[in-house]
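First the structure, in the form of structure tokens, and then the observations on it.
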Amino acid sequence: MMLALVTAQRPGDLLGMGFDKENCFIRDEHLFIHQLKGRKYIEVDGEQRLIKHGSKLALPLDLTLDPVKISIQDAIILCGGNHYFIETNDEKVQYWRLNRDFCNLRDSLFKKNQWEGYNPPSFFEIRSLAERLYRDQKINTQILLGHKYRSTTDLYNDLRGREWRYLKI
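The structure is reproduced here in structure tokens:
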């Protein structure tokens, strides 16, 4: 969960992260991520060819999320994986397992009536939380999240009526 929080990446991209993977690798003190969302393939002569690329990001390993005082580099070390950053028995973790474990942890920490009238948060909500925390740090969250348009990023800052918004004077 810490890697999700400090990188602000989608679960599919997180689970593909590793030390020397095609879509995610470390070089020159940066974590390079070729996001899966936005890609489009067509079949040509029986072979899948990429015709539309997802966003390509290079996040500095020393990018630190201030409220938790953990950098991307620290989170990678905490994960402890050998091939993938998030793995079990040297195998890539599947999304269903990641989300199930998150939901089990959430349910053990919060009473079910906490979510009355709302859907309880899923693992994906960590990305939204990360966007709001990094925005408070004045980080360009549009680039961090890999969005083409600022309006898409701004949706992550919409609390959807769940919290009071205070006017500062």
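Numbered per my numbering, the sequence shown spans residues 1 to 169. A virtual CB, placed ideally from N, CA and C, is assigned to each residue, including glycine.
- Query: Would you call the CB atoms of Glu131 and Tyr156 closer than 8 Å?
  - Reply: yes
- Query: Assuming Gly12 contacts Leu31 under a Cβ cut-off of 8 Å, what Cβ separation, rounded to an integer in Å, is found between them?
  - Reply: That belief does not hold up - the Cβ atoms of Gly12 and Leu31 are roughly 16 Å apart, past 8 Å.
- So the alpha helix (DSSP H) Ile33 belongs to, where does it begin and stop? Unbroken run through Ile33 is the beta strand (DSSP E), His30 to His34; no alpha helix (DSSP H).
- So, using beta-carbon positions, are Gly146 and Leu57 closer together than 8 Å? yes
- Message: Tell me which residue opens and which closes the alpha helix (DSSP H) that Ile126 is part of.
- Response: Glu125 to Asp136
- Same chain, Cβ closer than 8 Å to Tyr134, five either side skipped, listed in chain order: Ala8, Leu65, Thr141 and Leu144
- Backbone CA spacing between Trp164 and Pro121 [nearest angstrom]: 18 Å
- Task: Tell me whether Gly46 sits in a helix, a strand or coil according to DSSP, three-state version.
- Result: coil
- Unbroken stretches of the beta strand (DSSP E), 3 residues or longer, contained in the stretch 49-104: 56-60
- Item | Closest residue to Thr153 among Ser128, Lys168, Asp107 and Phe124 (Cα-Cα distance) | Ser128
- Message: Taking only three categories from DSSP, how would you classify Asp20?
- Response: strand
- Starting from the Cα of Asp74, find the closest Cα among Phe123, Glu29 and Cys24 and give me that residue. Glu29
- Message: My output table needs one value for Ile143: the three-state DSSP class, helix, strand or coil.
- Response: helix
- Cβ-based burial, Arg10 [other Cβ within 10 Å; buried from 16]: buried
- Message: Suppose contacts are defined by Cβ-Cβ distances below 8 Å. Is Leu15 in contact with Leu98 by that definition?
- Response: yes
- Query: CA-CA distance, Glu43 and His53?
  - Reply: 15 Å
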